[in-house]
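Data block below; observations after.
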Amino acid sequence: MLGRHGRARTLAQTPPRRIQSRHGQRQRIETRARRGRAPENFMEQLDESVDGREIELTAGQEFELTLRENPSTGFRWRVTADGSPACALVRDGFRAPNEGRPGQGGSHIWQFRAAQAGQGRIEMSYTRTAGEAARTFTLSVRVAG
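Sequential numbering of the sequence shown, starting at 35, is according to my numbering.
Written out as structure tokens, the structure reads:
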């Protein structure tokens, strides 16, 4: 479903049903496509809010993950696990804000495709070229055939 400017709607605009976790268990996000309510060209839009959770997809479904990034500080998001074999990384890019002020951050965007039935894990680390990760991001993926 496209929004006013021809862009796919975000999870904030069309939130999925969230399944609450019990003590120590991961929270799971059930996508609109998994529930059979998404239009054909709908692409799930995920962000920092799904860190540490699990997403359920159907084979062939694509989703986009957006994390805030400011390369001018020397920090960049790096993929440490790409979700294989269940997922395949399709696209990796950076979107700068429209204003374009020097030193201003933007968004790092990855597009993934649910490649085959099974489970995978997507892990990112926000690091400088050398050094420990300042932040990490993890998303568990379960793909139904």
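Each residue gets a CB set at the ideal place from its N, CA and C atoms; glycine is no exception.
The model shown is predicted, which means the values in this text are computed figures rather than measured ones.
Is the CB-CB distance between residue 81 and residue 99 below 9 Å?
For residue 81 and residue 99, yes; Cβs fall inside 9 Å.
For a minimum of 3 consecutive residues, which ranges assigned as the beta strand (DSSP E) are wholly contained in the stretch 103-160?
For the stretch 103-160, whole beta strand (DSSP E) runs of length 3 or above, ordered along the chain, are 110-116, 121-129 and 140-148.
Please state if the CB of residue 137 and the CB of residue 106 are separated by a distance shorter than 9 Å.
In contact: residue 106 and residue 137 (Cβ atoms closer than 9 Å).
Can you give me the C-alpha to C-alpha distance between residue 148 and residue 164, rounded to a whole angstrom?
Straight-line Cα distance between these residues: approximately 32 Å.
Bridge partners of residue 100, per DSSP?
DSSP, once it has assigned bridges, lists 143 as partnering residue 100.
Between the alpha carbons of residue 172 and residue 114, how many angstroms are there, rounded?
Approximately 10 Å between the Cα atoms of the pair.
Contact defined as beta carbons within less than 8 Å: I believe residue 144 pairs with residue 129. What is the distance between those atoms, to the nearest angstrom?
Not confirmed; about 11 Å, so no contact.
What do you reckon, is the C-beta of residue 146 under 8 Å from a heavy atom of the ligand ADP?
Absence of the ligand ADP from the depicted structure is noted, as is the absence of any ligand whatsoever, leaving it without description.
In angstroms, rounded to a whole number, what distance separates the CA positions of residue 57 and residue 97?
Note that residue 57 has pLDDT 40, beneath the 50 cutoff, so the model's placement of it is unreliable and the number below is only indicative. Approximately 28 Å, taken between the alpha carbons.
Return the CA-CA distance between residue 60 and residue 174, expressed in angstroms with no decimal places.
Note that residue 60 has pLDDT 48, beneath the 50 cutoff, so the model's placement of it is unreliable and the number below is only indicative. When rounded, the distance between both Cα atoms is 9 Å.
For residue 150 and residue 156, what's the separation of their Cα atoms in angstroms?
Each residue's Cα considered, the two are about 15 Å apart.
Please name the residue, chosen from 103, 159, 154 and 170, that lies closest to residue 91 on a Cα-to-Cα basis.
For residue 91, the nearest C-alpha among the options comes from 154.
Can you say whether residue 133 is buried or exposed, counting buried as having 16 or more other CB atoms within 10 angstroms of its CB?
Classification of residue 133: exposed, given that the 10 Å Cβ count is below 16.
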